[in-house]
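Heads up: the sequence shown runs through residues 1 to 109, numbered per full-length UniProt numbering. We put the beta carbon where it would ideally sit given N, CA and C, even for glycine. Structure first, commentary second.
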Amino acid sequence: MLNRDEDILKAAETWTKSGHGVAIATVVETWGSAPRPAGSSLVINDDGTFLGSVSGGCVEGAVVTEALDVIASGKPKMLEFGVADETAWNVGLSCGGTIRVFVEKVGNS
Numbered sequence: 001m002l003n004r005d006e007d008i009l010k011a012a013e014t015w016t017k018s019g020h021g022v023a024i025a026t027v028v029e030t031w032g033s034a035p036r037p038a039g040s041s042l043v044i045n046d047d048g049t050f051l052g053s054v055s056g057g058c059v060e061g062a063v064v065t066e067a068l069d070v071i072a073s074g075k076p077k078m079l080e081f082g083v084a085d086e087t088a089w090n091v092g093l094s095c096g097g098t099i100r101v102f103v104e105k106v107g108n109s
């Protein structure tokens, strides 16, 4: 079962208050057959713990890795995964679509 937006935001708040660096990844655009709709979110802390989904599991690992970099640098990133992109095949996005995911650091840590 996928987590509700409220659960994701609560996790971000809890992790931030406990001193963790936190990032939120959000699907901002989809083309063709995409595993999750625009607006789907994933929250990640600096330990690599995450909650939510941006791809039904097929690119979560790559998004978590990028989110850890965003937490460390404080610089947001726009990621794109698609069937025509060799990276997408490597991470498992073979559904025939493309997704664009925005990753940003949240909180004070």
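With respect to Ile99, Ala67 sits apart: the two C-beta atoms are not nearer than 7 Å. Considering only Asp47, Asp46, Val28 and Gly32, the residue with the shortest C-alpha distance to Ala38 is Val28. A distance below 6 Å between beta-carbons, with the five flanking residues on each side excluded, links Phe50 to the following residues of its chain, in chain order: Leu42, Ile44 and Val64. Straight across, the Cα-Cα distance linking Lys75 with Phe102 is about 11 Å. As a beta-bridge residue in DSSP terms, Thr30 pairs with Ile99. In the DSSP assignment, Ser73 falls within the alpha helix (DSSP H) that extends over Glu60 to Ser73. The Cβ atoms of Val70 and Ala23 lie closer than 7 Å to each other.
Just so you know, the alpha carbons of Ser18 and Ala11 end up roughly 11 Å apart.
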